[in-house]
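Chains as they are written, first to last, in the numbering used here: chain W, 1 to 315; chain B, 1001 to 1315.
A virtual CB, placed ideally from N, CA and C, is assigned to each residue, including glycine.
Report on one structure; see the data block that follows.
There are 2 protein chains.
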Amino acid sequence: MSLTLAVDLGGTHIRAATYNDDSITPIAHHRTRTNAHEPGVFDRVIRAIETVWRSDVASIGVASPGPLDPYTGTILDTPNIPEWQNFPLAQKLSDHFGVPAQLDNDANMAGFGEWTFGAGKGHRNLVYLTISTGVGGGVICNDTLLQGFHGLGAELGHMLIDPNGPPCGCGKNGHVESFSSGTAIARYATEQIQAGQKSSLQADGGLTAAQIADAARAGDTFAISTFARAGYYLGIAVANYLAVFDPSIIIFGGGVSQVGDLLFKSFEESLRTHIFHPRYLDNLSVAQAALGDDSGLLGALAWARLKQNEGARAQ
Amino acid sequence: MSLTLAVDLGGTHIRAATYNDDSITPIAHHRTRTNAHEPGVFDRVIRAIETVWRSDVASIGVASPGPLDPYTGTILDTPNIPEWQNFPLAQKLSDHFGVPAQLDNDANMAGFGEWTFGAGKGHRNLVYLTISTGVGGGVICNDTLLQGFHGLGAELGHMLIDPNGPPCGCGKNGHVESFSSGTAIARYATEQIQAGQKSSLQADGGLTAAQIADAARAGDTFAISTFARAGYYLGIAVANYLAVFDPSIIIFGGGVSQVGDLLFKSFEESLRTHIFHPRYLDNLSVAQAALGDDSGLLGALAWARLKQNEGARAQ
Chain W
1 MSLTLAVDLG GTHIRAATYN DDSITPIAHH RTRTNAHEPG VFDRVIRAIE TVWRSDVASI
61 GVASPGPLDP YTGTILDTPN IPEWQNFPLA QKLSDHFGVP AQLDNDANMA GFGEWTFGAG
121 KGHRNLVYLT ISTGVGGGVI CNDTLLQGFH GLGAELGHML IDPNGPPCGC GKNGHVESFS
181 SGTAIARYAT EQIQAGQKSS LQADGGLTAA QIADAARAGD TFAISTFARA GYYLGIAVAN
241 YLAVFDPSII IFGGGVSQVG DLLFKSFEES LRTHIFHPRY LDNLSVAQAA LGDDSGLLGA
301 LAWARLKQNE GARAQ
Chain B
1001 MSLTLAVDLG GTHIRAATYN DDSITPIAHH RTRTNAHEPG VFDRVIRAIE TVWRSDVASI
1061 GVASPGPLDP YTGTILDTPN IPEWQNFPLA QKLSDHFGVP AQLDNDANMA GFGEWTFGAG
1121 KGHRNLVYLT ISTGVGGGVI CNDTLLQGFH GLGAELGHML IDPNGPPCGC GKNGHVESFS
1181 SGTAIARYAT EQIQAGQKSS LQADGGLTAA QIADAARAGD TFAISTFARA GYYLGIAVAN
1241 YLAVFDPSII IFGGGVSQVG DLLFKSFEES LRTHIFHPRY LDNLSVAQAA LGDDSGLLGA
1301 LAWARLKQNE GARAQ
């Protein structure tokens, strides 16, 4: 029996866990701070893995922020970790630990995790969307993970939906992320309040989406309309995802997707307004991620197991 | 040895052709007018098939305008053929001719044809885009045709790229088709000229994209800018397709895509401006359809053969 070790490399925490075959309950789990903007991220990853290491670990799977090349296991230029530029993370881990290491981006891995173990089990065509500081996607087409030629597929947050839209974190304009991410919600509210919009919120200290959600739940009309706006554009985005992928399920993950009706009431209205053909909505499941914070970690586990099995079959 | 019969059901012509195994040169070919808005379309399809029928035909493949359900072989409500509402075309053909019949939409079949026999051979991830009166798409992901849960995937022309955009043929606003199709180009030029825009073109008689292309080639500044505008939005659209599918090739088909630099100079500039990450363009092939008007017919051929082989293996 062989073990698989999974790593979820997040903006704030590194998590590492080791699993027996056929189980998603870890036999060891460790969590430490990423301190992404400080030197030594790779050493912190190594130490996290060593903490849960067992001698019969057969492979390592890593979910990491992108953009990255999953085929070579190289981080290209992720804005979260400035010291990693064209950083061959999978190769370095493989060299260090002496077992194969797989790498793909966090949203792809979370989508793969939800498909393998979570809300998307049994669906052949799936769209996973994480809405937090950014907007990321993971897509299953015909029972396979959509990675694409360069491994840059399913960048759903960076679909342009308005050429005159606000700036996105990536530097372009009018992407889904620039309307519906937590960052976008906070920036829009700040700008509007600074421009004289009446609200119980104070914009001086740097608003967060969580504060705006609290104000909305307390009845602040502007805060409510701010989330409704994000939901409206999210409905446009999902209408586009349905037109191109036609999945049987769309799964929402990430902190901002936890706000419920604040976001999803206007989302549903907008989706019905913008959908190209009503048939896309027939028997479409709309679900929350079932694995919560573990989607990415368990996706990396499932992906490492899959690649390990493919490798064994190829021999 | 068995034969395969392919049908391309177009807005103006029905084409039927019969092929030996392993050949894409038909042993019989027939072409007749669709007269889509007049009764009797199904009878015309039957007669076209009968004209090329051979007793050892083992299956029929049909490329048809959508929306349709490829899994049941049912035309849903295609605007081109008003007498077909929830019309079980594949079943009716199968009943009539006593062999299995497969159905999918013309753009999916054209993409599948280009992937099997044409410009996309050997690519694992492919986007085919036809630009004519409308804009249609066909997508190959991981070596399989993207059909989706309802069979409505890859409707690339109906991706919204501007909430304030012009009306689309489908009734929604701001879709790719509402900016970059031949219909959209003609309508934009007509509206601008009627609003006082100076041009050598006369808008009274109902302009066509071909007339505008002729005027542009003759140096008409407004006609040139009309195509440049269509190319600009096409660049936005393709940047979105790359972000979600990350193909290694994008193939253009359809009459409007034949205009060359008139459309593709501004397209390329816009694509470079709007692409989320420059790596999507590394080694990306941009090609014209190699099969010309036969993309859809040969796609229906390849699809019917594939389904025939899958059926044989399943027995």
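(request) Look at the Cβ atom of isoleucine 1060(B), then the Cβ atom of leucine 1089(B), and state whether they are nearer than 7 Å. (result) No, Cβ-Cβ distance for isoleucine 1060(B) and leucine 1089(B) is not below 7 Å.
(request) For glycine 196(W), count neighbouring Cβ atoms within 10 angstroms of its own Cβ and tell me buried if that reaches 16, exposed if not. (result) Residue burial is scored here from C-beta neighbours: glycine 196(W) has fewer than 16 other C-beta atoms within 10 angstroms and is therefore classed as exposed.
(message) Let me confirm a value: alanine 230(W) is counted as buried when at least 16 other C-beta atoms fall within 10 Å, else exposed. Which label applies?
(response) Counting Cβ neighbours within 10 Å, alanine 230(W) comes out buried, since at least 16 surround it.
(message) Contact between the segment 145–164 of chain W and the segment 107–116 of chain W is defined here as three or more beta-carbon pairs at a separation below 8 Å; is this criterion met?
(response) Output reads yes: the segment 107–116 of chain W touches the segment 145–164 of chain W.
(message) Measuring alpha carbon to alpha carbon, tell me which residue in Glu1191(B), Phe1227(B), Val1041(B), Asn1142(B) is nearest threonine 1012(B).
(response) Here the closest residue by C-alpha is Val1041(B).
(request) Report the option in Val1045(B), Pro1039(B), Phe1117(B) whose CA atom is closest to the CA atom of glutamate 1083(B). (result) Among Val1045(B), Pro1039(B), Phe1117(B), the Cα nearest to that of glutamate 1083(B) belongs to Pro1039(B).
(request) Take histidine 123(W) and list the residues in its own chain whose beta-carbon comes closer than 6 Å to its own, dropping the five residues that flank it on each side. (result) These residues qualify, in order along the chain: Ser248, Ile249.
(request) Name, please, each residue of chain B whose Cβ falls closer than 8 Å to the Cβ of glutamate 177(W). (result) Neighbours of glutamate 177(W) on chain B: none; closest Cβ ~10 Å, over 8 Å.
(message) Given this structure, state the Cα-to-Cα distance separating glycine 1235(B) from leucine 1160(B), to the nearest angstrom.
(response) Glycine 1235(B) and leucine 1160(B): Cα-Cα distance of roughly 13 Å.
(request) Would you kindly work out how many angstroms separate the C-alpha atoms of glycine 206(W) and histidine 1158(B), rounded to a whole number? (result) Their Cα atoms are separated by approximately 38 Å.
(request) Go to valine 62(W), then tell me how far its beta strand (DSSP E) extends in each direction, as first and last residue. (result) In this chain, the beta strand (DSSP E) harbouring valine 62(W) covers 57–64.
(request) At 8 Å on the CB atoms, spell out the chain B contacts of isoleucine 212(W), in chain order. (result) Residues of chain B passing the Cβ test: none, with the nearest at roughly 23 Å.
(request) Confirm, please, whether the CB-CB distance from isoleucine 131(W) to glycine 254(W) is below 7 Å. (result) Between glycine 254(W) and isoleucine 131(W), the gap from beta carbon to beta carbon is short of 7 Å.
(message) Quick check: what's the CA-CA separation for proline 1067(B) versus glutamine 1211(B)?
(response) Going from the Cα of proline 1067(B) to the Cα of glutamine 1211(B) covers about 30 Å.
(message) The beta strand (DSSP E) that contains glutamine 308(W), what's its start and end?
(response) No beta strand (DSSP E) holds glutamine 308(W); the alpha helix (DSSP H) holding it covers 295–314.
(request) Could I get the ranges of all uninterrupted alpha helix (DSSP H) runs contained in the segment 1096–1155 of chain B, with 4 residues as the minimum, in chain order? (result) The qualifying runs are 1106–1117.
(message) Between glutamate 355(W) and chain B, is the shortest Cβ-Cβ distance under 7 Å, so that the two count as touching?
(response) With chain W running from 1 to 315 in the structure shown, residue 355(W) is simply not present.
(message) Is there a C-beta anywhere in chain B that falls below 7 Å from the one on serine 180(W)?
(response) Chain B contact via Cβ: absent.
(message) Less than 7 Å between C-beta atoms, sequence neighbours within five positions excluded: which residues of the same chain meet that for histidine 150(W)?
(response) Excluding residues up to 5 positions away in sequence, Asp69 lie with their Cβ nearer than 7 Å to the Cβ of histidine 150(W) in the same chain.
(request) Keeping to the same chain, check which residues put their C-beta closer than 6 Å to that of tyrosine 232(W); ignore five residues upstream and five downstream. (result) Apart from the 5 residues on each side of it in sequence, tyrosine 232(W) sits with its Cβ closer than 6 Å to the Cβ of Ser266, Ser270 in its chain, given in chain order.
(message) List, in chain order, every chain B residue whose beta-carbon is nearer than 8 Å to that of histidine 150(W).
(response) Against chain B, the beta carbon of histidine 150(W) has neighbours under 8 Å at Asp1246, Arg1279, Tyr1280, Asp1282, listed in chain order.
(request) Determine the chain B residues that contact phenylalanine 276(W) at a beta-carbon separation under 7 Å, and present them in chain order. (result) Result: Glu1155, His1158, Cys1170, Lys1172.
(message) Against chain B, does threonine 183(W) count as a neighbour if the rule is that its beta carbon must be under 7 Å from one of theirs?
(response) Cβ-Cβ to chain B under 7 Å: no for threonine 183(W).
(request) Could you check which residue in Ser1064(B), Ser1002(B), Pro1163(B), His1029(B) has the C-alpha nearest to that of phenylalanine 1087(B)? (result) Among Ser1064(B), Ser1002(B), Pro1163(B), His1029(B), the Cα nearest to that of phenylalanine 1087(B) is on Ser1064(B).
(request) Using a Cβ-Cβ cut-off of 7 Å, state whether asparagine 1142(B) counts as contacting chain W. (result) Cβ-Cβ to chain W under 7 Å: yes for asparagine 1142(B).
(request) Could you check the C-alpha separation between proline 79(W) and alanine 1304(B) for me, to the nearest Å? (result) Our two residues, proline 79(W) and alanine 1304(B), have alpha carbons roughly 47 Å apart in a direct line.
(request) Name, please, each residue of chain W whose Cβ falls closer than 7 Å to the Cβ of alanine 1239(B). (result) Leu160, listed in chain order.
(message) By the three-class DSSP mapping on this structure, what secondary structure does isoleucine 1024(B) have?
(response) For isoleucine 1024(B), the three-state secondary structure derived from DSSP is coil.
(message) On the criterion of 16 or more Cβ atoms from any shown chain inside 10 Å, does serine 322(W) qualify as buried, or is it exposed?
(response) With chain W running from 1 to 315 in the structure shown, residue 322(W) is simply not present.
(request) Within 10 angstroms of the Cβ of glutamine 147(W), are there 16 or more other Cβ atoms? Answer buried if so, exposed if not. (result) Buried, because 16 or more other Cβ atoms sit within 10 Å of the Cβ of glutamine 147(W).
(request) At 9 Å on the CB atoms, spell out the chain W contacts of leucine 1076(B), in chain order. (result) Neighbours of leucine 1076(B) on chain W, chain order: His277, Arg279.
(request) Starting from alanine 1394(B), find everything on chain W with Cβ-Cβ shorter than 7 Å and list it in chain order. (result) Summary: the structure shown does not reach residue 1394(B), with chain B confined to residues 1001 through 1315, and so no result is reported for it.
(request) Check whether the Cβ of leucine 301(W) lies closer than 7 Å to any Cβ atom in chain B. (result) The Cβ of leucine 301(W) sits no closer than 7 Å to any Cβ of chain B.
(request) From the DSSP output, read off the bridge partner residues of tyrosine 334(W). (result) Chain W is shown from 1 up to 315; residue 334(W) falls before or after that span and cannot be answered.
(request) Compare the C-alpha of serine 1023(B) against each of Thr1116(B), Ile1075(B), Leu1103(B) and name the closest. (result) Comparing alpha-carbon positions, the option among Thr1116(B), Ile1075(B), Leu1103(B) lying closest to serine 1023(B) turns out to be Thr1116(B).
(message) Considering Cα atoms alone, identify which of Ala1243(B), Phe1227(B), Cys1170(B), Val1052(B) is closest to leucine 1317(B).
(response) The structure shown does not extend to residue 1317(B), since chain B is modelled only from 1001 to 1315, so the question has no answer here.
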